[in-house]
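Residue numbers (my numbering), protein chains in the order written: chain E, 3 to 339; chain L, 3 to 339. Please read the structure below before turning to the comments.
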């Protein structure tokens, strides 16, 4: 038990809960013996659904939580009022050291607010950023921050750059990750007040490989590994990514159905097309970690299916094995000392 | 001559100048007899290139300008120093009423700075926004502002919404255009300080059809006609649009070349695919107007070819015919009075 990675999973969160969540959990524990999952939510419901799967004794444990935080609820209020919700119960397990990590496809707002309020930040971390991996032509890049921290300051962005570098290097396995700040031009004097203030600070940072500004145009091409921006801009990038991919793919499919000739062609290219689009599907890469907390909190898409849940749980293992939080702690303290 | 729309065109700006610019000009004047173009730039060079085209007497006139502002020059400095550059000479023609409009594929910064410094703003307009049309599943939307006005205030955004509505209704022909503000969630209480301050002001506006927040995800689907945001966010959206389209299309093409089967299919779907992608090609829609100036300034892509130049010139005709600046003037004055 000592070397197990203990992951609390929100059985009630997301569009496909609890079925896909439970399926993902079953798949994760069947892959690795060193994972222990706490399925947090309505006990009877989970018990019933879990009967469909077989798994090693002791790898899955149900933790009862009678309430559910809905997507539309104001996050901070919900966290304070619904003390017996799956999100609050699971986050408290992380806080108390009963779990190493928490994975949820539920309300982003509640997971972000709860992560900060209940689990708490690593000493020295000013704001915990939400950092999803986004697909690019070259693989993936870490987009940091896409969280609830709007109106950020330059010192926050510098910490995002450091935490993002550590994550990309040790969890994703990119050596000497290239860090860039989102800007509206490549020159140093360009940008808004925040970017102009942050740019020289990033340039001075010794423990990151800062390559300068990145224009949004170059993000999908994979021009940087760690893409630093404040949360509003990050959210726009993330959402536009999803929207563009879905509309373009839809239009291309529709276009192929316009003539008999193209319909025949569509049949032939379908498998190859599917493969290509899969590489641009964010769910391949698990969820987005909320970095800088005393424990790991991972937010997966609201529309997550079993595969994304499974990948998010596996991600927690790497995070613990690589002692990411110790590395963040060291890095932040070294900087402050 | 009285009813001619007089357009000064920067013969020296953009990656494909002067050849594609001159070609676009020749095409525009062959389409409509009521356009008079001043081709501004190095006289001898233009004269020589122009020989390849035939056009009605008096529809094209060369205006000599011996200097060229390069892409990399700091805009404000360049505008002040290069008094005989094509951009400065052409903008002064607009200022002095010798031309109604200016079209350039040259340095965005110089066109934006020059437009403000040399042509001047309509009385009451706080900041002139750059407003490109972006392709969506339903047609096009106006993204306002993508200009150089970073760190905008809420009053600027309200004016952007009004000017954008007028443009979409009278130039593009969208009745009662739906206006939305870019946000990180649909609820009114979401957003950064700027959005939270602007939202209620837009709600109060009687002369626009405000439909609330828009998440970046819904932009490509065409969920609003006028998309209001400050310039940094607008620039990110515009550039990511271009980047995503180019990378996704590239990956899809590459994917189709992976097997014999898919290669055969690719041959069959190619014409249909080309048609689909054309509808997502921004150059179809002419350039981006810089609104709120005493005259019209249109910035086209640096990579513009003849078609975009031609469309941008035609756009100037509609702009003048529809008396857009009078409408903006009335609207801004009514609001202030």
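Each residue gets a CB set at the ideal place from its N, CA and C atoms; glycine is no exception. Just so we're clear, the structure is a prediction, and the values are computed from it rather than from any experiment.
Residue from the options with nearest C-alpha to residue i
i	options	result
residue 251 (chain E)	L:328, L:53 and L:138	L:138
residue 184 (chain L)	L:316, L:140, L:173 and L:237	L:237
residue 227 (chain L)	L:270, L:280, L:102 and L:165	L:165
residue 116 (chain L)	L:100, L:127, L:300 and L:233	L:300
residue 303 (chain L)	L:314, L:294, L:295 and L:323	L:314
residue 48 (chain L)	L:99, L:73 and L:22	L:22
residue 260 (chain L)	E:272, E:266 and E:253	E:272
residue 277 (chain E)	L:255, L:288, L:282 and L:296	L:255
residue 297 (chain E)	E:322, E:77 and E:205	E:322
residue 169 (chain L)	L:25, L:292 and L:311	L:292
residue 155 (chain E)	E:145, E:85 and E:199	E:199
residue 54 (chain E)	E:76, E:25, E:77 and E:33	E:25
residue 63 (chain E)	E:100, E:73 and E:287	E:100
residue 316 (chain E)	E:205, E:332, E:173 and E:330	E:173
residue 279 (chain E)	E:206, E:72, E:131 and E:243	E:243
residue 58 (chain L)	L:33, L:81, L:75 and L:73	L:33
residue 327 (chain L)	L:266, L:249 and L:126	L:126
residue 334 (chain E)	E:209, E:94 and E:80	E:209
residue 79 (chain E)	E:324, E:128, E:119 and E:282	E:119
residue 203 (chain E)	E:222, E:177 and E:163	E:163
residue 161 (chain E)	E:128, E:282, E:241 and E:262	E:128
Whole-angstrom C-beta distance between residue j and residue i, which should lie under 8 Å
i	j	result
residue 245 (chain E)	residue 220 (chain L)	6 Å
residue 319 (chain E)	residue 7 (chain E)	5 Å
residue 29 (chain E)	residue 308 (chain E)	6 Å
residue 96 (chain L)	residue 103 (chain L)	7 Å
residue 61 (chain E)	residue 91 (chain E)	Contact doesn't hold; Cβ gap of about 20 Å is too wide.
residue 151 (chain E)	residue 233 (chain E)	5 Å
residue 179 (chain E)	residue 211 (chain E)	6 Å
residue 77 (chain L)	residue 111 (chain L)	3 Å
residue 124 (chain L)	residue 331 (chain L)	5 Å
residue 270 (chain L)	residue 267 (chain E)	3 Å
Listed by chain order, chain E residues near residue i by CB distance under 8 Å
i	result
residue 195 (chain L)	152 and 153
residue 139 (chain L)	249, 252 and 253
residue 235 (chain L)	234, 235 and 238
Residues near residue i in its chain [Cβ-Cβ closer than 7 Å; skip 5 each side]
i	result
residue 3 (chain E)	Unreliable placement is indicated for residue 3 (chain E), whose pLDDT of 47 sits below 50; the coordinate value is still reported in the next sentence. No residues qualify anywhere along the chain.
residue 88 (chain L)	12, 13, 14, 15, 42, 43, 67 and 70
residue 20 (chain E)	13, 14, 43, 47, 48 and 51
residue 205 (chain E)	212
residue 86 (chain E)	67, 68 and 69
Under 8 Å from the C-beta of residue i: neighbouring residues of chain L
i	result
residue 260 (chain E)	274 and 277
residue 243 (chain E)	242 and 246
residue 250 (chain E)	222, 246, 247, 250, 251 and 282
residue 82 (chain E)	Ordered by position in chain L, no residue passes the 8 Å Cβ test against residue 82 (chain E), which lies about 16 Å from the chain.
residue 184 (chain E)	238
Within chain E, partners of residue i - CB distance below 9 Å
i	result
residue 167 (chain L)	The premise fails here: residue 167 (chain L) is roughly 22 Å from chain E at the closest Cβ pair, so nothing lies under 9 Å.
Contacting residues, own chain, Cβ-Cβ under 8 Å from residue i (five flanking each side not counted)
i	result
residue 215 (chain E)	182, 183, 184, 185, 187, 188, 189, 190, 192, 193, 197 and 201
residue 257 (chain E)	264
residue 5 (chain E)	36
residue 339 (chain L)	Only weak support is given to the placement of residue 339 (chain L): the predicted model assigns it a pLDDT of 47, under 50, and the value that follows is read from those uncertain coordinates. Within the same chain, residue 339 (chain L) has no close Cβ partners at all.
residue 135 (chain E)	142, 143, 144, 145, 174, 284, 287, 288 and 290
residue 231 (chain L)	145, 146, 147, 159, 183, 184 and 239
residue 312 (chain L)	26, 27, 29, 30 and 33
residue 329 (chain E)	168 and 172
Close-in-space but distant-in-sequence residues of the same chain around residue i (CB under 6 Å, 5 per side omitted)
i	result
residue 11 (chain E)	27, 39, 41 and 105
residue 306 (chain L)	16 and 107
residue 225 (chain E)	216
residue 149 (chain L)	114, 131, 132 and 233
residue 171 (chain L)	179
residue 109 (chain E)	71 and 73
residue 325 (chain E)	none
Chain E residues whose Cβ lies nearer than 7 Å to that of residue i
i	result
residue 271 (chain L)	258, 264, 267, 268 and 271
residue 217 (chain L)	241
Proximal residues of chain L, C-beta to C-beta of residue i below 9 Å
i	result
residue 201 (chain E)	Result: empty, since nearest Cβ-Cβ is about 14 Å, beyond 9 Å.
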